[in-house]
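Heads up, the thing below is written out as structure tokens.
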Amino acid sequence: MSSTPAPSLHPSDSRGPAIIGKSVMIKGQIFSREDLTIDGEIDGSVELHEHRLTVGPNGKLQAGVKAREVVVLGTIHGNVEASDKIDIRKDARLVGDIKTARIVIEDGAYFKGSIDIARPETGKAGGTAPKPVAATAAVNAAAGTPVTASGD
Amino acid sequence: MLKDLWRAETLASALPAQLKKPGPALQPQIRSSHGLEQFFSSIQGQENLSLLDFSGASQANISFITSLGYRIYSNDALRTMEEAFGGSGDFVAQQSDPERAAQFLRETLDFPDQSFDGALLWDTLQFLEPPLVDDAVERLHRILRPQSLLLAFFHAEEKAQQAPLFTYRIVDSKSMSLAPRGQSRPAKYFNNRSLEKLFQKFSSVKFFLTRDHLREVIVRR
Numbered sequence: 010m011s012s013t014p015a016p017s018l019h020p021s022d023s024r025g026p027a028i029i030g031k032s033v034m035i036k037g038q039i040f041s042r043e044d045l046t047i048d049g050e051i052d053g054s055v056e057l058h059e060h061r062l063t064v065g066p067n068g069k070l071q072a073g074v075k076a077r078e079v080v081v082l083g084t085i086h087g088n089v090e091a092s093d094k095i096d097i098r099k100d101a102r103l104v105g106d107i108k109t110a111r112i113v114i115e116d117g118a119y120f121k122g123s124i125d126i127a128r129p130e131t132g133k134a135g136g137t138a139p140k141p142v143a144a145t146a147a148v149n150a151a152a153g154t155p156v157t158a159s160g161d
Numbered sequence: 015m016l017k018d019l020w021r022a023e024t025l026a027s028a029l030p031a032q033l034k035k036p037g038p039a040l041q042p043q044i045r046s047s048h049g050l051e052q053f054f055s056s057i058q059g060q061e062n063l064s065l066l067d068f069s070g071a072s073q074a075n076i077s078f079i080t081s082l083g084y085r086i087y088s089n090d091a092l093r094t095m096e097e098a099f100g101g102s103g104d105f106v107a108q109q110s111d112p113e114r115a116a117q118f119l120r121e122t123l124d125f126p127d128q129s130f131d132g133a134l135l136w137d138t139l140q141f142l143e144p145p146l147v148d149d150a151v152e153r154l155h156r157i158l159r160p161q162s163l164l165l166a167f168f169h170a171e172e173k174a175q176q177a178p179l180f181t182y183r184i185v186d187s188k189s190m191s192l193a194p195r196g197q198s199r200p201a202k203y204f205n206n207r208s209l210e211k212l213f214q215k216f217s218s219v220k221f222f223l224t225r226d227h228l229r230e231v232i233v234r235r
């Protein structure tokens, strides 16, 4: 019986999220099965369906983005789908349409585009018509009808 | 309240800067708004609406509008204005430059016909010089659906050389917060008659003149 543990192949067991550094520029499609931080430049698309994407302060994405959660400190030009949440921090810049369940936007962030709040799939009993919430609260409300307004 | 803010800003403006920063003492003020109340009461109970908001993205406006089940299209029109007409030249004169004017319209009002069920323009129109303001209103008429409303504010002091700039944040369906963000010279003074003329293609124009010299205008497409 060996006492040496088998090496883990699961990326998140041994280190933090994958990082694309600020001196890196990528043109093309990025798919990731782990959390990803981008501090460089991406021209293409980024998909991390079940994971979190962080766009660092130096990050510049000219890309469509799909992820579970998106945190923006840098710049995104492109549409963003975040199945759980998008967090747009102070000094971030996002130009594009957003579809998400929840959104948090800090004062000082620049955003231009539309916001669709996706209603959670589970339609539980007792649901009522959406009501206004406190101004500082994150949103979790019904979706609007998509229109064809462009984000840029 | 707003009048006090206006006075403070005006007194502070000795130089003809296009967009001046607010003084440190000026804090956001909350005021009620009949225009805002009319706007939201007219769409109450409707579903799946799309609203255009020119105040710039804020958690307050996004939360309020999306919590009603509506879609919001957010844009900071004053910032776009500054980008299009700012710089070294005269802010108002540069609005006559066809390329700059086209850039502004492209950045703010380039949508398919009848894309929106309402528009919150706040005070942005008053900083647009004719004929650009007419072009902007023409586009608004095109991108709004029939019977939809737009809300616009115009400062009602005819001789004001500077008007305060605010970021407008919705507090609830009847009130808003005004966060000072500087001041600028209004392109033109609008009275009721000139506003009716400006919105002549629309089906109705309704005014609320407030005690703090703000003319709130509700226009029905």
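Chains A and B, in that order, give the protein sequences. All residue numbers in the first sequence are consecutive under the numbering used here, ending with 161. All residue numbers in the second sequence are consecutive under the numbering used here, ending with 235. Don't be surprised by glycine CBs; every beta carbon is placed ideally from N, CA and C.
Per DSSP, cross-strand counterpart(s) of residue 69 of chain A: Residue numbering aside, residue 69 of chain A sits at position 60 when the first sequence is read from its first letter. In DSSP, residue 69 of chain A forms a bridge with A/50 and A/84.
Delimiting residues of the alpha helix (DSSP H) encompassing residue 97 of chain B: Counting from one through the second sequence, the residue named residue 97 of chain B turns up at place 83. 91–99 is the span of the alpha helix (DSSP H), which, as asked, contains residue 97 of chain B.
Opening and closing residue of the alpha helix (DSSP H) in which residue 48 of chain B lies: Indexing the second sequence from 1 puts residue 48 of chain B at position 34. It spans 48–57 - the alpha helix (DSSP H) in which residue 48 of chain B sits, taken as one unbroken run.
Residue 231 of chain B and residue 49 of chain B closer than 9 Å at C-beta: Counted from its first residue, the second sequence places residue 231 of chain B at position 217. Counted from its first residue, the second sequence places residue 49 of chain B at position 35. Yes, they are a contact pair.
Counted within 10 angstroms of its Cβ, other Cβ atoms place residue 88 of chain A as buried (16 or more) or exposed: Position 79 of the first sequence, counted from the first residue, corresponds to residue 88 of chain A. Buried, because 16 or more other Cβ atoms sit within 10 Å of the Cβ of residue 88 of chain A.
Any alpha helix (DSSP H) of 4 or more consecutive residues that is wholly inside the stretch 123–173 of chain B: 146–157
Boundaries of the beta strand (DSSP E) in which residue 120 of chain A is found, first to last residue: Residue numbering aside, residue 120 of chain A sits at position 111 when the first sequence is read from its first letter. Unbroken beta strand (DSSP E) run through residue 120 of chain A: 119–126.
Stretch pair the stretch 171–187 of chain B + the stretch 148–156 of chain B: three plus CB contacts closer than 8 Å: no
Beta-carbon separation (whole angstroms), residue 199 of chain B vs residue 180 of chain B, contact threshold 8 Å: Position 185 of the second sequence, counted from the first residue, corresponds to residue 199 of chain B. Position 166 of the second sequence, counted from the first residue, corresponds to residue 180 of chain B. With 8 Å as the limit, residue 199 of chain B and residue 180 of chain B do not qualify as a contact, their Cβ atoms being about 15 Å apart.
beta-carbon residue 85 of chain B near the ligand SAH non-hydrogen atom, thresh 8 Å: The model depicted lacks the ligand SAH and carries no ligand whatsoever.
Enclosing beta strand (DSSP E) for residue 4 of chain A [first to last residue]: The first residue shown for chain A is 10 and the last is 161, placing residue 4 of chain A beyond what the model contains.
Beta-carbon proximity of residue 102 of chain A to residue 91 of chain A, cut-off 9 Å: Stepping through the first sequence from its first residue, residue 102 of chain A is reached at position 93. Stepping through the first sequence from its first residue, residue 91 of chain A is reached at position 82. For residue 102 of chain A and residue 91 of chain A, no; Cβs fall outside 9 Å.
Boundaries (first-last residue) of the beta strand (DSSP E) holding residue 78 of chain B: Translated into positions along the second sequence, residue 78 of chain B becomes position 64. No beta strand (DSSP E) holds residue 78 of chain B; the alpha helix (DSSP H) holding it covers 73–81.
Backbone secondary structure at residue 220 of chain B - three-state DSSP: The sequence position of residue 220 of chain B within the second sequence is 206, counting from 1. In the structure shown, residue 220 of chain B sits in a strand (DSSP, three-state: E or B).
Element boundaries [alpha helix (DSSP H), containing residue 208 of chain B]: Position 194 of the second sequence holds residue 208 of chain B. Residues 206–212.
Which of helix, strand or coil DSSP assigns to residue 26 of chain A: Along the first sequence, one-based indexing puts residue 26 of chain A at 17. Note: residue 26 of chain A maps to coil in three-state DSSP.
Same chain only: Cβ atoms within 8 Å of residue 51 of chain B, ignoring 5 sequence neighbours per side: Within the second sequence, numbered from 1, the residue matching residue 51 of chain B stands at position 37. The residues are 187 and 188.
Beta-carbon gap between residue 128 of chain B and residue 168 of chain B smaller than 9 Å: If you number the second sequence from 1, residue 128 of chain B lands on position 114. If you number the second sequence from 1, residue 168 of chain B lands on position 154. Cβ atoms of residue 128 of chain B and residue 168 of chain B: not closer than 9 Å.
Alpha carbon of residue 221 of chain B to alpha carbon of residue 63 of chain B, nearest angstrom: Along the second sequence, read from residue 1 onward, the residue named residue 221 of chain B stands at position 207. Along the second sequence, read from residue 1 onward, the residue named residue 63 of chain B stands at position 49. Approximately 24 Å, taken between the alpha carbons.
C-alpha distance - residue 95 of chain B paired with residue 75 of chain A, whole-angstrom precision: Numbered from 1 along the second sequence, position 81 holds the residue referred to as residue 95 of chain B. Numbered from 1 along the first sequence, position 66 holds the residue referred to as residue 75 of chain A. Answer to the nearest angstrom: the Cα atoms are 31 Å apart.
Simplified DSSP state of residue 109 of chain B, which is helix, strand or coil: As a position in the second sequence, residue 109 of chain B is number 95, starting the count at 1. Helix at residue 109 of chain B.
The stretch 85–105 of chain B contacting the stretch 59–76 of chain B, beta-carbon criterion three pairs below 8 Å: yes
Short CB-CB distance (under 9 Å) between residue 123 of chain A and chain B: Here the question's residue 123 of chain A lines up with position 114 in the first sequence. Yes, its Cβ sits closer than 9 Å to a Cβ of chain B.
Neighbour flag for residue 70 of chain B against chain A, beta carbons, 9 Å: Start at 1 with the first residue of the second sequence, and residue 70 of chain B comes out as number 56. Cβ-Cβ to chain A under 9 Å: yes for residue 70 of chain B.
Beta-carbon proximity list for residue 41 of chain A, same chain, < 7 Å, skipping 5 on both sides: Numbered from 1 along the first sequence, position 32 holds the residue referred to as residue 41 of chain A. Here the set comprises 27, 57 and 60.
Identity of the residues DSSP links to residue 88 of chain B by a beta bridge: Your numbering for residue 88 of chain B matches position 74 in the second sequence. BP columns for residue 88 of chain B point to A/122 and B/67.
Residues in the stretch 83–107 of chain B having any Cβ partner in chain A nearer than 9 Å: 83, 84, 85, 86, 87, 88, 89, 90, 93 and 94
Nearest residue (CA-CA) to residue 34 of chain A, options A/46, A/25, A/44 and A/52: Counted from its first residue, the first sequence places residue 34 of chain A at position 25. Minimum Cα distance to residue 34 of chain A is reached at A/52.
Segment limits, beta strand (DSSP E) that includes residue 203 of chain B: The sequence position of residue 203 of chain B within the second sequence is 189, counting from 1. Segment: none, residue 203 of chain B is in no beta strand (DSSP E) and carries neither H nor E.
Coil, strand or helix - residue 117 of chain B by DSSP: As a first step, residue 117 of chain B must be located in the second sequence, where it is residue number 103. Three-state result, residue 117 of chain B: helix.
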